[in-house]
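Residue numbers (the working numbering): 4 to 319.
For every residue, glycine included, the Cβ atom is placed at its ideal position computed from N, Cα and C.
Inspection log for the structure reproduced underneath, given as structure tokens.
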């Protein structure tokens with residue numbers, strides 16, 4: 004644990020000298036930290052010194068990878084293939100927004116007990132030490148890796164929730180070696196009477212505002228989206244993004260109101276484009292000037308773009 008140095012834990016995921024977090028971009032990181040209930044503003048030292056936080060990150064990363072493997076292809080990518088070419092429609096691009104949890108969203112739905120945690124967190128702004136953690140997001144991961152549950156909640160609370168005590172896994176062995184198994188978890192185990200709240204998918208569950216921050220005094224301006232405001236004890240290191248500038252970074256705004264590329268697997272400048280011919284047949288082309296495309300069909304495509312992005316583009 005002596006390798007934990009100063010700096011944000013979130014930055015550490017990008018700079019760690021291994022392939023453990025390979026492919027975890029900024030928007031993926033925001034989602035994984037949200038699922039794990041880890042404040043994105045904490046230092047790597049505060050992260051490493053909490054077995055609960057480390058275990059939660061491992062579980063959240065596993066869960067995110069599982070969902071990507073099981074659902075991303077069937078739900079997002081496959082429907083956007085036309086003649087084996089990735090050619091998403093605007094509606095399909097918009098639907099990817101449902102895959103996001105906090106990044107690029109104005110508000111997000113959360114279970115009721117998580118909404119209460121958010122309110123409690125913001126009311127205790129001076130401390131800001133309680134993590135906003137909803138274990139329902141990690142339910143399957145906890146079922147597959149129950150030995151990490153006692154690191155997350157503590158032995159007594161995990162047993163109360165019906166879990167079995169582990170201890171032989173590498174993560175537990177590491178913290179045991181450094182006499183850190185009883186280190187602060189930053190969650191209140193008594194708050195959870197079950198892993199999954201009964202109303203986790205309730206359509207009337209609360210919507211909570213998201214917040215966009217940048218690290219102050221740092222170039223690159225990586226967007227850090229979170230579900231609660233950064234407490235006053237840490238806010239000096241961050242700049243809150245609001246108003247018009249914030250709106251320009253919203254996923255739905257980019258897809259619906261601009262000709263720019265947003266985030267996600269459907270967002271490539273080299274995507275194919277679908278047009279409907281005069282005979283109402285689908286055609287897909289990947290570059291302007293495709294010799295197989297009739298001028299009349301290309302004109303229909305340009306007119307379609309103008310209708311969708313009238314405030315951005317001028318008519319042909």
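Using a Cβ distance threshold of 8 Å, determine whether the segment 35 to 43 contacts the segment 63 to 74, with at least three qualifying pairs required.
Contact between the segment 35 to 43 and the segment 63 to 74 is present, with at least three C-beta pairs closer than 8 Å.
What does DSSP give as the partner residues of residue 228 in its beta bridges?
215
Could you name the residues of the same chain whose beta carbon sits closer than 6 Å to that of residue 146, not counting the 5 residues immediately before and after it, in chain order?
Nothing listed; no residue qualifies.
To which residues of the same chain is residue 5 closer than 8 Å at the C-beta, ignoring the five residues directly before and after it?
Here the model assigns residue 5 a pLDDT of 49, short of 50, so the residue's position is not dependable, and the following value carries that caveat. Here the set comprises nothing.
Beta-carbon within less than 6 Å of residue 227's beta-carbon, same chain only, minus the 5 sequence neighbours each way: which residues are those?
43, 216
Within the segment 79 to 133, note down every full beta strand (DSSP E) run reaching 3 residues or more, in order along the chain.
110 to 112
Among the residues of its own chain, which have a CB less than 8 Å from the CB of residue 11, if the five just before and after it don't count?
43, 44, 45, 46, 47, 218
Suppose only complete runs of 3+ residues qualify. What are the beta strand (DSSP E) ranges in the segment 16 to 58, listed by chain order?
Correct list: empty.
Out of curiosity, what's the CA-to-CA distance linking residue 100 and residue 249?
16 Å
In whole angstroms, give me the CA-to-CA distance for residue 13 and residue 73.
26 Å
What distance in whole Å lies between the Cβ atoms of residue 156 and residue 192, which are believed to be in contact at a cut-off of 8 Å?
5 Å
Would you kindly check if the distance between the Cβ of residue 150 and the Cβ of residue 172 is under 7 Å?
yes
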